[in-house]
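Following this note's numbering, the numbering of the sequence shown begins with 8 at its first residue and continues without gaps. Glycine included, C-beta positions come from ideal geometry on N, C-alpha and C. For reference, the structure is listed below as structure tokens.
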Amino acid sequence: MAKLIDGKAVSAQVREEVKQAVAQRVASGKRAPYLAVVLVGDDPASASYVRGKARASTEVGIESDTLTYDASISEAELLDIVAKLNNDAGVDGILVQLPLPDHIDDRKVIHAIDPAKDVDCFHPESVGTLVIGLDGFQPATPAGIVELLKRSDIETSGAHCVIIGRSNIVGKPLANLMLKKGLDSTVTVCHSRTKDLPGIARQADILVAAIGRANFVTADMVKPGAVVIDVGINRVDDDTRERGYRLVGDVDFDAIEPIASHITPVPGGVGPMTIAVLLQNTLMAANRA
Ligand code: NAD
Numbered sequence: 008m009a010k011l012i013d014g015k016a017v018s019a020q021v022r023e024e025v026k027q028a029v030a031q032r033v034a035s036g037k038r039a040p041y042l043a044v045v046l047v048g049d050d051p052a053s054a055s056y057v058r059g060k061a062r063a064s065t066e067v068g069i070e071s072d073t074l075t076y077d078a079s080i081s082e083a084e085l086l087d088i089v090a091k092l093n094n095d096a097g098v099d100g101i102l103v104q105l106p107l108p109d110h111i112d113d114r115k116v117i118h119a120i121d122p123a124k125d126v127d128c129f130h131p132e133s134v135g136t137l138v139i140g141l142d143g144f145q146p147a148t149p150a151g152i153v154e155l156l157k158r159s160d161i162e163t164s165g166a167h168c169v170i171i172g173r174s175n176i177v178g179k180p181l182a183n184l185m186l187k188k189g190l191d192s193t194v195t196v197c198h199s200r201t202k203d204l205p206g207i208a209r210q211a212d213i214l215v216a217a218i219g220r221a222n223f224v225t226a227d228m229v230k231p232g233a234v235v236i237d238v239g240i241n242r243v244d245d246d247t248r249e250r251g252y253r254l255v256g257d258v259d260f261d262a263i264e265p266i267a268s269h270i271t272p273v274p275g276g277v278g279p280m281t282i283a284v285l286l287q288n289t290l291m292a293a294n295r296a
């Protein structure tokens, strides 16, 4: 039976640490860190994520405002808003909620954010800093996974970490973090063109699934005793639920839980860590300013 890695509990611990550090900062006479969140359009999922981020910020003493704009805003207007936030010394972190409407180039907007305020760690300079292994902002979901591993006392040094998925927000940045000095894993990244993916997955001491397909990782892909981290969030129909669906990960939890040494549940595993890392990044931005 695998040990369950409790993302809610670890996230609460990290948020408490940020709260104490913010309180110390304020007690020393400095102002509270300030996060500007930019929300364009009325996508309910984006609005809900943004509310969660604002609430979590307030809880740890980080001030934040959500700047909301109609979906019809032009790219030039949005770039102008980002430039104003860049130049405002009272703003420590800038987060532009993605996706943006089709007529706006996400990349142009992300690249316009001052790297010193890039708390989402999406700017090419932040990504470069990560790849070189220098200290900087942490990519939220990958750094959340690393916190889960560290605080569960999982040995990463020399471990073979197999990551399934090569996205820019999970797979690639996680590969770079796991390679960093201090974590020192041997990393393999698998993707949709990988040959014999089950055979490679079975070599993993730490197996991370970030694909976006329910039950993609089956028991035959897991070495007994492996640590299994499930990043996926997938909706599957469920008539027993009032909303008609439930959320599951990419891992066949019931089949793998008996053979893994540690496993993250979905929900309640990797998900809660993302906001905790955003708060850490915002505090870091303020302390560096
Ligand atoms: P993505 O769609 O950008 O990338 C998916 C990756 O899976 C791609 O690199 C692709 O090569 C790989 N893939 C697809 N089909 C495959 C196959 N048949 N075999 C091997 N590899 C295959 O997705 P993403 O943004 O990285 O997100 C992945 C999942 O993680 C989604 O379910 C998403 O909702 C979830 N997610 C969760 C969090 C969190 O906080 N828990 C954060 C980000 C993403």
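Nearest neighbour of A221 by Cα position, chosen from T148, R253, G206, E84, turns out to be R253. Each of T75, T193, R38, E154 was checked against the Cα of S55, and the nearest Cα belongs to T75.
By the 16-neighbour rule on beta-carbons within 10 angstroms, D99 is buried.
Residue range 213-216 is occupied by the beta strand (DSSP E) that includes L214, with no alpha helix (DSSP H) assigned at that position. Apart from the 5 residues on each side of it in sequence, N183 sits with its Cβ closer than 6 Å to the Cβ of L137, V138 in its chain, given in chain order. Short note on S53: C-beta not closer than 8 Å to any heavy atom of the ligand NAD. Annotation for T195: the continuous beta strand (DSSP E) segment containing it runs 193-197. When DSSP states are grouped into helix, strand and coil, E70 belongs to the strand group. Where L254 is concerned, the enclosing beta strand (DSSP E) starts and stops at 252-255.
Annotation for D257 indicates a beta carbon within 8 Å of some heavy atom of the ligand NAD.
Under the three-state reduction of DSSP, T271 is assigned to coil, being neither helix nor strand.
Within the DSSP bridge table, the entry for V243 names R253 as partners.
Taking a cut-off of 8 Å on C-beta distances, the stretch 84-94 does not touch the stretch 48-67, as fewer than three cross pairs fall below it. The three-state reading of DSSP puts L290 in helix, counting H, G and I together. Out of A150, G276, P51, K124, the CA that lies nearest to the CA of L105 is found in P51. Counting along the chain, L141 sits inside no alpha helix (DSSP H), nor does DSSP assign it H or E at all. With contacts defined by Cβ atoms closer than 9 Å, I161 and V126 do not form a contacting pair.
The three-state secondary structure of V229, taken from DSSP, is coil. Beta-bridge pairing by DSSP links V284 to no other residue. Relative to I152, the option among K10, L290, T271, A293 whose CA is nearest is T271. Not one heavy atom of the ligand NAD is found less than 8 Å from the C-beta of S268. In the DSSP assignment, D203 is bridged to no other residue. Secondary structure at L46: strand, using DSSP grouped into helix, strand and coil. A direct Cα-to-Cα measurement between R58 and N241 gives close to 21 Å. For V196, same chain residues with a beta-carbon under 7 Å away, outside a window of 5 residues either side, are I170, R173, G178, A182 in chain order. By the Cβ neighbour-count rule, K202 is exposed, with fewer than 16 other Cβ atoms within 10 Å of its own.
Bridge partners of G135 according to DSSP: none are assigned. The ligand NAD approaches N241 closely enough that one of its heavy atoms is under 8 Å from the residue's Cβ. With a 10 Å radius around the Cβ and a threshold of 16 neighbouring Cβ atoms, K157 comes out exposed. According to DSSP, Y41 shares a beta bridge with E70.
Taking 8 Å as the upper bound for CB-CB distance, V277 and G14 are in contact here, some 6 Å apart.
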